[in-house]
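In what follows, a structure is listed as structure tokens, so that the remarks can point back to it.
There are 2 protein chains.
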Amino acid sequence: MTHHSDQRAYFFKIDTTIKKIRNALQKRLTDSGFDLTVDQWVLIDHIFRQNGISQNELAELTFKDPPTVTRIIDILQKKGLVERGLAIGDRRKFRLTLTDDGVAIYHAAFPVVAEIRRKGWGSLSEADYQHFVRIMDSIYQNFAEPTGKKA
Amino acid sequence: MTHHSDQRAYFFKIDTTIKKIRNALQKRLTDSGFDLTVDQWVLIDHIFRQNGISQNELAELTFKDPPTVTRIIDILQKKGLVERGLAIGDRRKFRLTLTDDGVAIYHAAFPVVAEIRRKGWGSLSEADYQHFVRIMDSIYQNFAEPTGKKA
DNA sequence: ATCCAATAAAAGGCATGATAATTATTGGTC
DNA sequence: GACCAATAATTATCATGCCTTTTATTGGAT
Chain Z
12 MTHHSDQRAY FFKIDTTIKK IRNALQKRLT DSGFDLTVDQ WVLIDHIFRQ NGISQNELAE
72 LTFKDPPTVT RIIDILQKKG LVERGLAIGD RRKFRLTLTD DGVAIYHAAF PVVAEIRRKG
132 WGSLSEADYQ HFVRIMDSIY QNFAEPTGKK A
Chain E
12 MTHHSDQRAY FFKIDTTIKK IRNALQKRLT DSGFDLTVDQ WVLIDHIFRQ NGISQNELAE
72 LTFKDPPTVT RIIDILQKKG LVERGLAIGD RRKFRLTLTD DGVAIYHAAF PVVAEIRRKG
132 WGSLSEADYQ HFVRIMDSIY QNFAEPTGKK A
């Protein structure tokens, strides 16, 4: 039972780090004149890359809850950046697409987001990235339910 | 300009991992019969270890905002787990202490929290922990404001 | 003693995360 | 073709994160 130099702290460290990243990105977006939250950006980014996606699919991809997606889409729709089109063949679903304004915002905000991403990663190496992914995935998997039933 | 195998994903990965940890811990607390959220636990833990701490000090230590601490303390006070005592020499401050019930809850919940922590870290090594800390701290520091003025 | 900037906490507003309950629709089954 | 479990989305509720404004108090300057 090696007691990992205060291994207790990993939750806290991840929590403070993600807050820092969020705050930095939010500040950068706001300072650049974008009326967007980080999560609103995340949805715009996904809709751009998967035009016509439904809300539940979007929820699954972004690891958000359906109610959260509903609310954020409401806001984005009010801002005129996203449209809820009817899906063909299933009247329960919506086909989410970006409006022209939404596409414009996407292209304008992308470089800003990319810059913050680069700034955060800084001079960390490719090897660091592989460590990072391995450790995060490992923690995630350690909490994953044993999927007894496969399809 | 090595393009780090989709280095873009680190925000997303940290975000999903911390959500997973939070959800696992919350579920474990609830299933064990504790009427506590993760953040309420975090404050109880800190008050236990720093008896008499003030709300702002608590906010700083936990990286939460003062308004957030006010609200969580309100809840913990209503639950009878925390008391707001008057600080000596400064009537603006409160001296936060756990009630007897609060102390009992602390001792009862601690092993549960520790178990989840161990489960999450799993078989990751001490070397992994050092990589983890180095990478997280590095990202954090990359966003830290250059503190031009040192006291 | 008086005024004033700074501090501790609270209050109000908006956005998100999570859960539970509800509505509309779908696809099967009998 | 009526019944019913499953699905997509919404609504409601509570807790948290962050920001701004306000109140009470403090300590120092004049």
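So the sequence lines, in the order shown, correspond to chains Z and E. Using our numbering, the letters of the first sequence map in sequence onto residues 12 to 162. Using our numbering, the letters of the second sequence map in sequence onto residues 12 to 162. Note that CB positions come from ideal geometry on N, CA and C, so glycine has one too.
Check the Cβ of residue i against every Cβ in chain E and list those closer than 9 Å, keeping chain order.
i       : result
Z/LYS24 : PHE143, VAL144, MET147, ASP148, TYR151
Let me know if residue i comes out buried or exposed under the rule of 16 or more other beta-carbons within 10 Å of its beta-carbon.
i        : result
Z/LEU97  : exposed
E/GLY168 : A question about residue 168 of chain E goes unanswered here, because the residues of chain E that appear run from 12 up to 162.
E/ALA138 : exposed
Z/LYS31  : buried
E/ALA155 : exposed
Z/PHE74  : exposed
E/HIS142 : buried
E/ALA115 : exposed
E/GLN152 : exposed
E/HIS131 : The amino acid occupying residue 131 of chain E in the given sequence is Gly; His does not appear at that position. It counts as buried.
Z/THR79  : exposed
Using beta carbons (cut-off 8 Å, strictly below), is residue i in contact with chain E?
i        : result
Z/GLY44  : no
Z/ARG128 : yes
Z/ALA35  : yes
Which whole-angstrom value is the C-beta distance of residue i and residue j, which I expect to be below 8 Å?
i       : j        : result
Z/PHE22 : E/ARG128 : 7 Å
Z/VAL49 : Z/GLN37  : 5 Å
Run down chain Z in chain order and give the residues with a C-beta less than 9 Å from the C-beta of residue i.
i        : result
E/THR48  : Simply none; closest approach about 14 Å.
E/LEU107 : The premise fails here: E/LEU107 is roughly 19 Å from chain Z at the closest Cβ pair, so nothing lies under 9 Å.
Should residue i be flagged as near chain Z, meaning a C-beta pair shorter than 8 Å?
i        : result
E/ASP139 : yes
E/ALA120 : no
E/THR41  : no
E/ALA162 : Low confidence applies here, because E/ALA162 scores a pLDDT of 32, under 50, leaving its location unreliable; read the following figure in that light. Taking Cβ atoms only, chain Z never reaches closer than 8 Å to E/ALA162, which makes this a no.
For residue i, which residues in chain Z fall below 7 Å Cβ to Cβ?
i       : result
E/PHE74 : THR27, LYS30
E/ALA70 : Per Cβ cutoff of 7 Å: no residues; E/ALA70 is ~13 Å from chain Z at best.
If the cut is a Cβ gap below 8 Å, which residues of chain E does residue i touch?
i        : result
Z/LEU135 : ILE146, SER149, ILE150
query: Whole beta strand (DSSP E) runs in the region 72-159 of chain Z with 3 or more residues, listed along the chain?
result: Along the length of the region 72-159 of chain Z, whole beta strand (DSSP E) runs at least 3 residues long occupy 93-97, 105-109, reported in chain order.
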